[in-house]
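Take any residue in the sequence shown, note its place counting from 1, add 569, and you have its number in the numbering used here.
Here a beta-carbon is modelled for each residue, glycine too, at the ideal position from N, C-alpha and C.
Working notes, structure below.
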Amino acid sequence: MKRILTYGTFDTFHWAHMSLLQRAKSLGDWLAVGLSTDEFNKLKGKKSYFSYEQRKEILSGVKHVDFIFPEDNWQQKRADIIKYKIDVFVMGDDWAGKFDDLSDLCKVVYLPRTPNISSTVIKQIMKDFER
């Protein structure tokens, strides 16, 4: 069984998130998602609209996702790859090159982002609607 791993906040879940998860799952048989906790997002300077538990509930309804666990810090990725026996680590290509150091443990793949859509864009559009 080929095991795949990705990470993200997955706030304001949208089509590009679904596409990334679908493409990641197509690389193997089992997809784990490290979901950024609210506390970790604060450290990254991000504030999610939905709480960790709400985002986890949304992700749990995605058929491509087999397992969800909390992402608490930047350093845990190496340990997670070992713990979950990961074969392929997947991130969007906006992270290209940033995780190449993990290639001694598994294959590292950067998938192209879905053009013209992101949580940041959606949040800005929603803010504009409120005005």
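Supposed contact pair residue j and residue i - C-beta distance, whole angstroms, cut 8 Å
i      : j      : result
Asp649 : Leu574 : 7 Å
Asp656 : Arg592 : At roughly 16 Å, the Cβ-Cβ gap does not stay under 8 Å, so Asp656 and Arg592 are not in contact.
Ser617 : Asn610 : 6 Å
Counted within 10 angstroms of its Cβ, other Cβ atoms place residue i as buried (16 or more) or exposed
i      : result
Ala665 : exposed
Glu626 : exposed
Gly614 : exposed
Among the options, the one whose alpha carbon lies nearest that of residue i
i      : options                        : result
Gly661 : Ser620, Lys594, Pro681, Tyr618 : Pro681
Gln645 : Met587, Ser629, Leu671         : Leu671
Phe582 : Gly630, Asp673, Val659         : Gly630
Helix, strand or coil at residue i according to DSSP, with G and I counted as helix
i      : result
Ser605 : strand
Lys632 : coil
Arg682 : coil
Exercise for the section: With a floor of 3 residues, list each beta strand (DSSP E) that falls wholly inside the segment 630 to 665, ordered by position along the chain. Expected result: 636 to 640, 657 to 661
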